[in-house]
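Structure, as structure tokens:
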Amino acid sequence: MKREERYAIEARAAAIVQALVRPLPRRWALGLGRALGRLLADLDPRHVAIAAENLRQAFPHWDEPRRLR
Numbered sequence: 002m003k004r005e006e007r008y009a010i011e012a013r014a015a016a017i018v019q020a021l022v023r024p025l026p027r028r029w030a031l032g033l034g035r036a037l038g039r040l041l042a043d044l045d046p047r048h049v050a051i052a053a054e055n056l057r058q059a060f061p062h063w064d065e066p067r068r069l070r
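Note that the sequence shown covers residues 2 to 70 in this note's numbering.
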């Protein structure tokens, strides 16, 4: 799949998620986002490790629990 096609699919998916989440109360939307984030983190540990390393380098004064929350 070409990069442009992938970006177009991702943009459509983001628009659908936004349309579904927008009418929800803020508390529900945050809970849903938290749950989806945990699910995606379990499915893609490589990118979680990259993000954790980036945060470690950007914020060396943060303790690990703060970086991983």
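Quick reminder that beta carbons are idealized off the backbone N, C-alpha and C, glycines included.
Under DSSP, the alpha helix (DSSP H) around residue i begins and ends at which residues?
i, result
"D43", "27-44"
"R67", "65-69"
"R7", "4-22"
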